[in-house]
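There are 4 protein chains.
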Amino acid sequence: MTTALKAPPLDPILDDIVRSHRPQQETGSVPANIPLLAAVPFDRFGIAVATTSGEVFSSGDADVPFSIQSISKVFTLAMALRGDSSGILWSRVLREPSGTSFNSLVQLELEHGIPRNPFINAGALVVTDHLMEETSDAAAQVLRFLTAQAASTGPFIDEAAAASELASSSRNRALAHFLKGFGNLKQPAESVVQNYVRQCSIMMTCVELAKAGLFLARDGHGSLGTVVSPSDAKRIGSIMLTCGMYDAAGEFAYRVGLPGKSGVGGGILVIVPGVCAICVWSPRLDAKGNSLAGTAALADLSDRTGWSVF
Amino acid sequence: MTTALKAPPLDPILDDIVRSHRPQQETGSVPANIPLLAAVPFDRFGIAVATTSGEVFSSGDADVPFSIQSISKVFTLAMALRGDSSGILWSRVLREPSGTSFNSLVQLELEHGIPRNPFINAGALVVTDHLMEETSDAAAQVLRFLTAQAASTGPFIDEAAAASELASSSRNRALAHFLKGFGNLKQPAESVVQNYVRQCSIMMTCVELAKAGLFLARDGHGSLGTVVSPSDAKRIGSIMLTCGMYDAAGEFAYRVGLPGKSGVGGGILVIVPGVCAICVWSPRLDAKGNSLAGTAALADLSDRTGWSVF
Amino acid sequence: MTTALKAPPLDPILDDIVRSHRPQQETGSVPANIPLLAAVPFDRFGIAVATTSGEVFSSGDADVPFSIQSISKVFTLAMALRGDSSGILWSRVLREPSGTSFNSLVQLELEHGIPRNPFINAGALVVTDHLMEETSDAAAQVLRFLTAQAASTGPFIDEAAAASELASSSRNRALAHFLKGFGNLKQPAESVVQNYVRQCSIMMTCVELAKAGLFLARDGHGSLGTVVSPSDAKRIGSIMLTCGMYDAAGEFAYRVGLPGKSGVGGGILVIVPGVCAICVWSPRLDAKGNSLAGTAALADLSDRTGWSVF
Amino acid sequence: MTTALKAPPLDPILDDIVRSHRPQQETGSVPANIPLLAAVPFDRFGIAVATTSGEVFSSGDADVPFSIQSISKVFTLAMALRGDSSGILWSRVLREPSGTSFNSLVQLELEHGIPRNPFINAGALVVTDHLMEETSDAAAQVLRFLTAQAASTGPFIDEAAAASELASSSRNRALAHFLKGFGNLKQPAESVVQNYVRQCSIMMTCVELAKAGLFLARDGHGSLGTVVSPSDAKRIGSIMLTCGMYDAAGEFAYRVGLPGKSGVGGGILVIVPGVCAICVWSPRLDAKGNSLAGTAALADLSDRTGWSVF
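Protein chains in written order, with full-length UniProt numbering: chain A, 1 to 310; chain B, 1 to 310; chain C, 1 to 310; chain D, 1 to 310.
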């Protein structure tokens, strides 16, 4: 819904949010099995807001690149929908909350290889497999897309991190072979996993991610023209709201009231339809895998600005 | 979010929606085990919109009473939150989408008797149990609440239907005893089931339900004053969006983009924050238990009006 | 298989087993929610062997009555099979190991109300329901059967214990209503639960239980004539071996190698086909709900005597 | 238990069983995804009995090689136990019936990567991984073991079939990577899957398999000396009885009453402790993946001979 809401003066609010929410001591967890993410200093905290009127506000470590991880799933979904005039993607993946862990195989088995939504790992592997029909180097294409949308040459794939993560990607390999067994993966399982892990290893800053996600707040219109149709932009927002925060989507909708997508790198991308895209980043995670300080900061920002879709 | 959206002229739109969506032939299913619901003529179709500016629009069978069934869960949740200053309710029921059927015991067992959200049956039984701490006749209190909010003496409990439904409520009894076994039910299981079934058997019209639900579009302000706080109103909306349509919540958010709650009586209550509450009713159901014609009508109405939270 | 194995001299072996296995200090757990069972002194230990040649050996607390609990399921199954010439029972309950907890509802839901076997609670409720077609007081009939087979007037229903257990039988009530919802319970759920709990509250001694179970070691021939056919006797043995020890059936078959059925009262009934029936009792339980000292004693006895079906 | 049972004259019985049970028309199913197995003529039927007294009886297609498939799991388990003085194998795999499908990932996820028993695929992969600690070409070692026990140079690995099966082994790859993710696989996942598939592709005749399995009926003593200890022989028998027939173990124990292990190649190996080893083969399968004619023939043979452990 395009709203007439005028954004309040954001600079002081963002500065205050950084002061209030930057971690003072080490709490929360780091992703098991991804050593390079675990090594990021616990007190990193950045926030950026890109508005539909073309302004960008930021504070804290908003220009420090971090690993976007699962936030990439929003963009691969948009890229897949853009080229999917036949609607075949939605026969391979559903749009319902999963109610189970992001990398669970249980539901996938019970539901015969059709992932519950594109934001759990199984669904994201299917989306990447879909993108690979056009190009075998899907991760590079995701990088080009993000570079263009962010209007920045900053984004890059951290190949060392990707290689390290690949070495401990047994669960994702299991998911990929499982999908393959159900006939829901067209490319070789190992190739899909490699592209998936490399797309997750893209490094971006809060400012870049907020700008890259802005098309979702602008009815699908990105910096270089239409990315997706207005209805697809709304629909990506609805999937973010119902499925974007692992199995804490309900809690996030309850506390923040905005479509969001988090990654285990500690980033969260949030859309305020018609108003702005927000990216917050702080590396330590809660038990569900979402940024601890980031989630708190977004609840605070929502309270201060009145931004909520409800 | 309070929006400045002006509602388009609604009368011709609603009339057209009735013309387009009133079932012409018998399709869809009726609730198994509830004979009185199955007996409602398949071509019933009504729609009503109550706006925050005080107008009410309606068309079709908008003044025919029907069984509100699970739509009652929105109102019992609001009633429970109103009186729950200690927040104890949220220690007894979560706010996450369930990913499983509305009356499943599987998840409840795996999660040790804490229901996933207040809109699956197990969660609604806990909410009713919570209301019964104040009065043993919780169903009568729900009726009084609805009568007041709808500003109508129309609503009544169909006791014959309730008695009939009680006779085939084995699954709800199983859920109640199961909750009891986990210590998450305080009143006798049979009493909770009786109140639950009776609150579901309340008969209301589309016009009455739209008016009764209007407080959720008005930051919690009902016809007689504050029902719940603005933040609780938003939060009920978020639970409706993520959990309100059984296991088709994601699909409904995707197609309609608005918080909604359906009942197996064929009714759906939808909130457009800051704008209006909508109630549509048509008795035949899809495979997930949501009104077939009602869902289609709401998708159509959302397209025509641009109403969507995304 | 009727074997020619001669039993070794048993008296000194049993005495030695009592010396070795009677608990010296309090270890293991007691059944939650059944206070009267929890109150039994931890150092009780009895063992009795009734041979197909008509001898009875015993040692320790073999004449102290204890609550037979789930051991009753062996006898109700035999009673149900005896009268089930049409084989209808096996359309209502399967004969497969469950792989899940004895009182789980998960599998029952996934498998549409057909319990996996007659020894999990859901299956035993179906068996009791089956017996109630002949007499509403099925528990009294079970008592008469056991009294006759044990050739003793000792067995009795501990009605106080039954009443106490009934007050905390929420899970069994949930199972019964769940079965009712699937159409797999004919009598009222509450009546079935009452009979079930009362049959579990029958008090017997090791000597009485060994004698009562002897027909299973004698091709179905009991003290007063045929109880079940030779093939049904073998088949009950096979169900005991695969399903008799809750979810430790595999471990028990591995360590002891004999068909057995345990109860949370601490008793275990074991059959050595063609040779004898054994009952051991000691009240403290392991994590799976089987008698800790009893299981160890049976492994020891199996090693000393060479008794094993493998 | 060593029994004194004298085998009845077997030649006429086996001939009669072949006459009665050889399929006359095509019923049952063939394994999906293994074309070479599906191509075996439906009317193949062979049976062989190797007795502890050194005789071998056979009838029908008892000298036609077939793919042993999961029957190999009995032998890899014996090989692993033989060399596992430390008992480490039993910390990596349990001994309980699974209650779920042979290649399910659900239970494996819920139980954190510890397979329920060595006869489901996940457990067998762990056993093969265990064998690979001694030699990377575990399948060749299994072949050597079988060749020696069968005292025949006949057994061979059908490498073409293995290659074909490997091409459609996505589910087994998923299981292997899943186990790897839980730290319960030491060798590379792909290598374990290759060895596993090749051990399953060993071709043997009924006569050879009966002779190879005879050590399990002789307290662990094989043709060339001790294979496993008497207690391990009994224990393998107990695992066969409780877990050997996929999720029809209970039904097989009920109908046949003997420890058995089946393969999707249509073979079933059965042990009569102290008496003989039996192998029956017929390629068409029932819904659980066990040989249709083979299972019926074994029930018939058990009835005619009285062979049963119960």
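We put the CB at the ideal spot given by N, CA and C, even for glycine.
Computed from a predicted structure; not experimentally measured.
Cβ neighbours of D:A161 within its own chain (closer than 6 Å, five residues either side excluded): L36, S201. Taking B:A38 as the centre and dropping the five residues before and after it, the same chain places the C-beta of V30, P31 closer than 7 Å to its C-beta, in chain order.
Out of C:V227, C:G244, C:M203, C:G257, the CA that lies nearest to the CA of D:M240 is found in C:G257. Straight across, the Cα-Cα distance linking D:M204 with D:L214 is about 15 Å. Going by DSSP, D:I17 is part of the alpha helix (DSSP H) stretching over 10–21. Any Cβ of chain C closer than 7 Å to the Cβ of B:K73 would place that residue at the interface, and such an atom is absent.
Collapsing the DSSP output to three states places C:F252 in a helix. A direct Cα-Cα distance of roughly 38 Å separates B:S67 from A:D219. Beyond the five residues adjoining it in sequence on each side, A:G60 comes within less than 7 Å, by CB distance, of V18, R22, F45, G46, I47 in the same chain, given in chain order.
DSSP assignment within the region 64–91 of chain C yields the following whole alpha helix (DSSP H) runs of 4 residues or more, N-terminal first: 72–82. Counting C-beta atoms within 10 angstroms of its own C-beta, A:S86 has fewer than 16 neighbours from the protein chains shown and is therefore classed as exposed. Measuring C-alpha to C-alpha distances from A:A50 to each of A:L89, A:A151, A:V93 identifies A:A151 as the nearest.
Look at D:H112: its C-beta is not under 7 Å from any C-beta on chain A. Flagged as an interface residue toward chain D: C:V309, by a C-beta distance shorter than 7 Å. Among the CB atoms of chain B, one or more fall inside 7 Å of the CB of C:K180. With respect to A:A138, A:K73 sits apart: the two C-beta atoms are not nearer than 7 Å.
Within a 10 Å sphere around the beta-carbon of C:P115 sit 16 or more other beta-carbons, which makes this residue buried. With respect to B:A233, B:A277 sits apart: the two C-beta atoms are not nearer than 7 Å. In the three-state scheme derived from DSSP, where H, G and I count as helix and E and B as strand, A:A287 is classed as coil. If the five residues before and after A:A78 are omitted, its C-beta is found closer than 7 Å to the C-beta atoms of V227, V228, I236, all from its own chain and listed in chain order.
Taking the Cα positions, A:D11 is about 17 Å away from A:V272. In its chain, beyond the 5 residues on either side, N117, I239 have a beta carbon closer than 7 Å to the beta carbon of D:R95. Excluding sequence positions up to five before and after A:S58, its CB lies within less than 6 Å of the CB of A48, V207, all in the same chain and listed in chain order. At a cut-off of 7 Å between beta carbons, B:V227 makes no contact with chain C.
In the three-state reduction of the DSSP assignment, A:L269 falls in the strand class.
By the neighbour-count criterion, in which 16 or more other beta carbons inside 10 Å mark a residue as buried, C:D63 falls on the exposed side. Taken in chain order, the complete alpha helix (DSSP H) segments of 4 residues or longer contained in the region 150–214 of chain B are 159–166, 170–181, 189–200, 206–212. Per DSSP, C:S104 lies in no alpha helix (DSSP H) segment and is marked neither H nor E. Annotation: A:R19 has no Cβ neighbours in chain B at a cutoff of 8 Å; minimum Cβ distance is about 24 Å. Within its own chain, the residues whose Cβ lies closer than 7 Å to the Cβ of B:P155, once the five positions on either side in sequence are excluded, are L143, L146, T147, I202, M203, M204, E208, listed in chain order. When the five nearest sequence neighbours on each side are left out, no beta carbon in the same chain lies closer than 6 Å to the beta carbon of B:A287.
The residue among C:Q141, C:Q149, C:S169, C:P230 with its C-alpha nearest the C-alpha of C:S223 is C:Q149. A:S53: not part of any beta strand (DSSP E); DSSP gives it neither H nor E.
Across the structure, D:Q187 and A:F178 are spaced so that their CA atoms are roughly 20 Å apart.
Leaving aside the five residues that flank C:Y196 on each side, the residues in its chain whose CB is nearer than 7 Å to its CB run, in chain order, A124, L125, T128, N172. With respect to chain C, the C-beta atom of B:S170 has a partner C-beta closer than 7 Å.
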